[in-house]
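Student:
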Amino acid sequence: MKRLLFFLTVMLAGLFFLTGCVKDNWGWPREVVFEKEGGEKTIGTTHEGEHALSLFISDDTKEQTVYLDFFPLDYGEEASLQYEWLTVTVTRGYESMKLTVEPNTTGKPRTLWVGGHVFDWRFHVQIKQDG
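The numbering of the sequence shown is this note's numbering, which starts it at 2 and goes up by one.
1. Buried or exposed for residue 111, going by 16 or more other Cβ atoms inside 10 Å?
2. Just the Cα atoms here: how many angstroms apart are residue 54 and residue 2?
3. Apply the 10 Å Cβ neighbour rule to residue 119 and answer buried if 16 or more other Cβ atoms are within range, or exposed otherwise.
4. When you compare only the Cα positions, how much space is there between residue 122 and residue 37?
5. Spatial neighbours of residue 45 within its chain, please: CB distance less than 6 angstroms, with the 5 preceding and 5 following residues excluded, ordered by chain position.
6. So for residue 132, helix, strand or coil by DSSP?
7. Under a three-way DSSP split, which group does residue 29 fall into?
8. Is it buried or exposed, residue 89, if we count other Cβ atoms within 10 angstroms and call 16 or more buried?
9. Answer with buried or exposed for residue 91, where buried requires no fewer than 16 other C-beta atoms within 10 angstroms of its C-beta.
10. Should residue 116 be labelled buried (16 or more other beta-carbon atoms within 10 Å of its own) or exposed?
11. Which class does residue 37 belong to by DSSP, given the choice of helix, strand or coil?
12. So the candidates are 31, 56, 40; which of them puts its Cα closest to the Cα of residue 94?
13. Once you ignore the five residues that flank residue 76 on each side, which residues in its own chain have a CB closer than 7 angstroms to its CB?
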């Protein structure tokens, strides 16, 4: 009985630990908002040393539309990923990315998602632009 209780305690503690990591979005902001004029913003994670290993931009469905894998890049090498009105520039090994948004001339608000992998976990950042 003591073994079963110990096993359940360890399993629950692990579950709470993993749930906490996922809710944290690996330290990345959950949302970034731009004015309709567009511009640049640099965002980063609060988890030192846990930089993204891959990156994607997607539409409202959160399905990856364009994808960048960092493994072919050398440490410190810069790369950009562009989709519709958003460009994301990253440097392999760094815990930040630069977001560049084109001016919104549609008159309607728009949204894209930037996401990536940190180890086996995904993070998502919603990028909104006023209309």
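Virtual Cβ for every residue (Gly too), placed ideally from N, Cα, C.
Tutor: Walking through what the data contain:
1. buried
2. Taken atom to atom, the span from the alpha-carbon of residue 54 to that of residue 2 is near 43 angstroms.
3. Under this definition residue 119 is a buried residue.
4. 32 angstroms
5. The answer, listed in chain order, is 96, 97.
6. coil
7. coil
8. buried
9. Looking at its Cβ environment, which holds 16 or more other Cβ atoms inside 10 Å, residue 91 is buried.
10. buried
11. coil
12. 56
13. 93, 94
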